[in-house]
Amino acid sequence: MIAQPIDYVLIAWFSLALASAAYVAYDQFENNPEPAIMKWGFVLITLYMGPIALLLYVMADKEPLPGTHETFIRPLWKQGVGSTIHCVAGDATGIVAAAAITALFGLPMWIDLIVEYVAGFLFGLLVFQSLFMQGMMGGTYLQNVRRMFLPEAISMNCMMAGMAPVMSLLMMGRDMRAMQPTELLFWGVMSLGVSVGFAIAYPANVWMVARNMKHGLMTQRDGSARSKAGHSHTGSAARKDGAHAHAMPRSGAGAGDSTSASGMFWSVTTPQLASVTGITLLGLVAGMALPALVVNLRLGAHDVGPSIMPPGMVTGWDTSGDAMKDMSAVLPRNVTAIANADAHGDQTLAGTLENGVRTFSLTASVTRWTILPGVEVDAYAFNHQVPGPRIRVTEGERIRIHVHNDLPEATTIHWHGLILPNAMDGAAEITQPPIPPGGDYTYEFNALQAGTFFYHTHAHLDRQQSLGLYGALIIDPKVAAADLRADHEYVLLLQEWLQREGLTYPAMPMEGGLPNYFTINGKAYPSTDVVPMKVGETIRIRFIGSNNIFIHPMHIHGGPFTVVARDGVALAPAQRFDADTINVGPGQRYDVIWKARGPGRWLVHCHIGHHTTNNNSETKGGGGLMMILDVSG
Ligand SMILES: [Cu+2]
Numbered sequence: 000m001i002a003q004p005i006d007y008v009l010i011a012w013f014s015l016a017l018a019s020a021a022y023v024a025y026d027q028f029e030n031n032p033e034p035a036i037m038k039w040g041f042v043l044i045t046l047y048m049g050p051i052a053l054l055l056y057v058m059a060d061k062e063p064l065p066g067t068h069e070t071f072i073r074p075l076w077k078q079g080v081g082s083t084i085h086c087v088a089g090d091a092t093g094i095v096a097a098a099a100i101t102a103l104f105g106l107p108m109w110i111d112l113i114v115e116y117v118a119g120f121l122f123g124l125l126v127f128q129s130l131f132m133q134g135m136m137g138g139t140y141l142q143n144v145r146r147m148f149l150p151e152a153i154s155m156n157c158m159m160a161g162m163a164p165v166m167s168l169l170m171m172g173r174d175m176r177a178m179q180p181t182e183l184l185f186w187g188v189m190s191l192g193v194s195v196g197f198a199i200a201y202p203a204n205v206w207m208v209a210r211n212m213k214h215g216l217m218t219q220r221d222g223s224a225r226s227k228a229g230h231s232h233t234g235s236a237a238r239k240d241g242a243h244a245h246a247m248p249r250s251g252a253g254a255g256d257s258t259s260a261s262g263m264f265w266s267v268t269t270p271q272l273a274s275v276t277g278i279t280l281l282g283l284v285a286g287m288a289l290p291a292l293v294v295n296l297r298l299g300a301h302d303v304g305p306s307i308m309p310p311g312m313v314t315g316w317d318t319s320g321d322a323m324k325d326m327s328a329v330l331p332r333n334v335t336a337i338a339n340a341d342a343h344g345d346q347t348l349a350g351t352l353e354n355g356v357r358t359f360s361l362t363a364s365v366t367r368w369t370i371l372p373g374v375e376v377d378a379y380a381f382n383h384q385v386p387g388p389r390i391r392v393t394e395g396e397r398i399r400i401h402v403h404n405d406l407p408e409a410t411t412i413h414w415h416g417l418i419l420p421n422a423m424d425g426a427a428e429i430t431q432p433p434i435p436p437g438g439d440y441t442y443e444f445n446a447l448q449a450g451t452f453f454y455h456t457h458a459h460l461d462r463q464q465s466l467g468l469y470g471a472l473i474i475d476p477k478v479a480a481a482d483l484r485a486d487h488e489y490v491l492l493l494q495e496w497l498q499r500e501g502l503t504y505p506a507m508p509m510e511g512g513l514p515n516y517f518t519i520n521g522k523a524y525p526s527t528d529v530v531p532m533k534v535g536e537t538i539r540i541r542f543i544g545s546n547n548i549f550i551h552p553m554h555i556h557g558g559p560f561t562v563v564a565r566d567g568v569a570l571a572p573a574q575r576f577d578a579d580t581i582n583v584g585p586g587q588r589y590d591v592i593w594k595a596r597g598p599g600r601w602l603v604h605c606h607i608g609h610h611t612t613n614n615n616s617e618t619k620g621g622g623g624l625m626m627i628l629d630v631s632g
């Protein structure tokens with residue numbers, strides 16, 4: 000539930016709302032002399048609007064001194080508050096219930112909005128206005144339904160004109176957890192929506208109370224004696240205006256029946272009524288339809304899931320739910336393991352020999368991984384390591400890999416560069432159904448080649464490989480070439496990360512997806528390895544383009560190296576060449592041999608300057624794709 004700072008704000012808000020509602024409920028039922036409908040209305044509204052409703056209650060409705068309620072509630076602005084309260088209490092309850100139910104069914108947002116309007120209108124009219132108010136209004140239930148239809152429509156139109164855009168724009172915004180009723184954010188959006196709807200419906204309610212179309216606040220003592228402060232105020236105004244206003248009695252109530260409890264004359268002209276109704280209808284249509292210009296109202300809660308999009312992702316009214324899920328953050332609640340801050344990836348996996356088959360086990364899961372002190376990523380990792388463990392076998396061996404998937408999404412493993420049966424190639428939906436969450440799959444093939452290879456996910460690799468699902472696969476030749484022997488060996492796997500505001504997104508070469516951290520073997524400089532060497536010694540570095548986005552021009556200080564293998568294929572002596580920078584593209588491997596010509600700290604680094612920074616800043620001379628060969632004399 001907690002994934003963003005806003006979640007703490009919401010916890011604080013709803014704590015205040017609950018405390019406020021508890022106080023209002025206590026005070027209403029213990030102290031305040033008014034009809035039960037208003038008491039319940041205020042309690043409901045306080046749940047939705049929290050301290051704002053508490054303020055309204057104290058300022059407009061709570062009896063200041065015993066016996067003063069009648070006088071206290073008389074001002075028109077307070078009557079307007081009362082009228083809006085019992086309208087919004089009904090409407091909002093209908094809307095919120097409908098929103099929660101339609102979200103659970105995963106209906107598209109535009110259908111949501113229509114269902115919410117109808118539910119809010121009907122609940123408000125049939126239950127809150129006509130049924131609960133019947134005691135105050137007199138007349139039959141059906142008469143009340145007919146008489147309250149227009150006032151309810153005007154108020155509800157205003158309510159939805161404010162609430163619909165708040166819901167559409169925030170629910171379909173960056174943090175789509177707002178679409179899920181199981182998330183606090185959903186209720187936060189509802190709360191804000193009700194408050195905005197209330198603010199827009201308030202002027203219309205003031206007007207309707209003044210024109211005798213609706214009840215405001217009332218006083219009711221001991222459940223029997225009733226004094227209608229609102230009536231006495233607005234009623235006299237109505238009678239004053241009676242001469243020139245077009246009096247519209249409620250149908251069924253009987254024209255001129257001014258003595259009945261409901262006998263309010265609508266002191267309003269037909270053009271006034273038509274104009275007000277028309278403008279609220281316009282507001283309703285605009286509030287419902289205009290957000291469709293910027294957000295995709297065809298999506299439902301099931302299409303987007305609880306996705307949080309990276310800041311800067313371009314989304315529009317045609318962005319699909321799949322696009323959002325692809326770029327969305329790893330939800331911290333899905334983390335099932337936390338690796339030690341000093342843990343190293345690329346640990347050689349100890350296989351077992353089963354009937355001559357070298358057997359390994361890999362489990363993919365969401366693992367919190369430290370790339371720098373204080374900088375953690377929520378990675379998709381094999382065996383809780385980034386990179387995944389190194390699989391090292393000898394040419395000619397038969398290998399078997401048991402894969403278990405503990406990720407919240409389906410995955411596969413592809414064995415990059417290997418000659419193997421097509422069924423073992425790991426291409427999701429091409430050569431095998433993806434391994435579902437909780438599922439298992441076994442790969443088995445012969446290691447026919449020798450050289451530097453790697454393995455990686457091949458299901459949604461745009462997302463999953465960017466989140467860390469890769470590892471080295473080294474196949475040693477049966478007979479090592481004597482001229483390629485080196486004193487040291489270093490396997491170097493590249494990766495790009497996007498980590499912002501505590502959330503990890505898959506880095507992608509598009510708006511909002513560009514990485515801000517870069518790692519060698521799961522660590523950013525200065526946390527990368529330091530390799531101790533001696534002058535005259537050689538090191539064989541196996542560069543692996545296990546990253547998804549950039550071609551990294553990898554450069555070594557202190558003189559050229561010799562490129563001895565490319566993509567797992569050893570170069571014949573005549574093909575080998577010397578260079579000081581080699582472009583390692585995604586998927587490519589280069590084996591180079593470098594000689595320590597002199598003592599000192601020699602850098603290995605990417606030559607794209609930005610890739611040697613950590614979130615745009617440098618520490619100890621750089622960051623990211625940088626490591627040190629420490630040569631002693
Ligand atoms: Cu680079």
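Quick note: the sequence shown, position 102, residue 101 per numbering that gives the first Met the number 0, numbers continuous. Note that the Cβ used here is the ideal one computed from N, Cα and C, for glycine as well.
Asked, Found
"Please classify Ile-153 as buried or exposed, where buried requires at least 16 neighbouring CB atoms within 10 angstroms.", "buried"
"When the Cα of Gln-219 is compared with those of Leu-491, Ser-319, Thr-67, which residue comes out closest?", "Thr-67"
"Thinking C-alpha only, which one of Gly-196, Gly-622, Pro-508, Asp-345 is nearest Leu-602?", "Gly-622"
"Let me know if Gly-597 comes out buried or exposed under the rule of 16 or more other beta-carbons within 10 Å of its beta-carbon.", "exposed"
"With which residues is Ser-465 paired in a DSSP beta bridge?", "BP columns for Ser-465 are empty, so no partner."
"By a C-beta neighbour count over all protein chains shown, 10 Å radius and 16 as the cutoff for buried, is Gln-27 buried or exposed?", "buried"
"In whole angstroms, give me the CA-to-CA distance for Leu-280 and Thr-318.", "29 Å"
"Can you tell me where the beta strand (DSSP E) holding Ile-72 begins and where it ends?", "Premise fails: Ile-72 is in no beta strand (DSSP E) and is neither H nor E."
"Do Ala-97 and Gly-286 have their CB atoms nearer than 7 Å?", "no"
"Measuring alpha carbon to alpha carbon, tell me which residue in Thr-83, Leu-46, Asn-31, Thr-181 is nearest Thr-101.", "Thr-181"
"Less than 6 Å separating the Cβ of Ile-540 from some heavy atom of ligand 1?", "no"
"List the residues that DSSP assigns as beta-bridge partners of Trp-593.", "Ile-538, Phe-560"
"With a threshold of 6 Å (Cβ to nearest heavy atom), would His-610 be considered close to ligand 1?", "yes"
"Applying the 10 Å Cβ sphere with the 16-neighbour rule, what's the burial state of Ala-237?", "Low local confidence applies: a pLDDT of 36 at Ala-237 is under 50, so the model's placement there is unreliable, and no value is given."
"Any contact of the segment 321-337 with the segment 195-203, i.e. 3+ C-beta pairs under 8 Å?", "no"
"Around the C-beta of Leu-493, are 16 or more other C-beta atoms found within 10 angstroms, so that it is buried, or is it exposed?", "buried"
"Restricting to Cα atoms, I'd like to know which of Leu-283, Ala-342, Asn-333 is closest to Ala-363.", "Asn-333"
"Can you tell me where the alpha helix (DSSP H) holding Met-300 begins and where it ends?", "In the sequence on display, residue 300 carries Ala and not Met. Per DSSP, Ala-300 belongs to the alpha helix (DSSP H) from 300-303."
"Express the C-alpha separation of Trp-186 and Lys-77 in angstroms, rounding to a whole number.", "28 Å"
"For Leu-55, which residues in the same chain have their Cβ closer than 7 Å to its Cβ, ignoring the five residues on either side in sequence?", "Val-80"
"With a threshold of 8 Å, are at least 3 pairs of Cβ atoms found where one atom belongs to the segment 565-573 and the other to the segment 501-521?", "no"
"Sorry if obvious, but does the Cβ on Ile-543 come closer than 6 Å to a heavy atom of ligand 1?", "no"
"Run the proximity test for His-551: is its beta-carbon closer than 6 Å to any non-hydrogen atom belonging to ligand 1?", "yes"
"Could you name the residues of the same chain whose beta carbon sits closer than 8 Å to that of Thr-358, not counting the 5 residues immediately before and after it, in chain order?", "Gly-350, Thr-351, Leu-352, Ile-398, Arg-399, Ile-400, His-401"
"Exposed or buried, Arg-565, counting other C-beta atoms within 10 Å across all chains shown (16 or more means buried)?", "buried"
"When you compare only the Cα positions, how much space is there between Leu-75 and Pro-305?", "44 Å"
"Please determine whether the Cβ atom of Cys-157 lies at a distance below 6 Å from any heavy atom of ligand 1.", "no"
"Is it the case that the Cβ atoms of Asp-486 and Glu-536 are separated by a distance below 7 Å?", "yes"
"Taking the alpha carbon of Val-42 as the point to measure from, which residue in Tyr-201, Lys-213, Ala-338, Gly-89 has its own alpha carbon closest?", "Gly-89"
"Asp-577: buried (16+ other C-beta within 10 angstroms of its C-beta) or exposed?", "exposed"
"Please state the DSSP three-state secondary structure of Met-217.", "coil"
"Ala-422 and Thr-410 - do their beta-carbons sit closer together than 7 Å?", "no"
"Assuming Gly-49 and Ala-16 make a contact with CB atoms under 8 Å, what is their CB distance in whole Å?", "3 Å"
"On the DSSP letters alone, give me the boundaries of the beta strand (DSSP E) that Tyr-201 sits inside.", "Looking at the DSSP string, Tyr-201 is not in any beta strand (DSSP E); the run it does join, the alpha helix (DSSP H), is 183-209."
"Mapping the DSSP letters down to three states, classify Phe-148 as helix, strand or coil.", "helix"
"Look at the Cβ atom of Thr-503, then the Cβ atom of Val-294, and state whether they are nearer than 7 Å.", "no"
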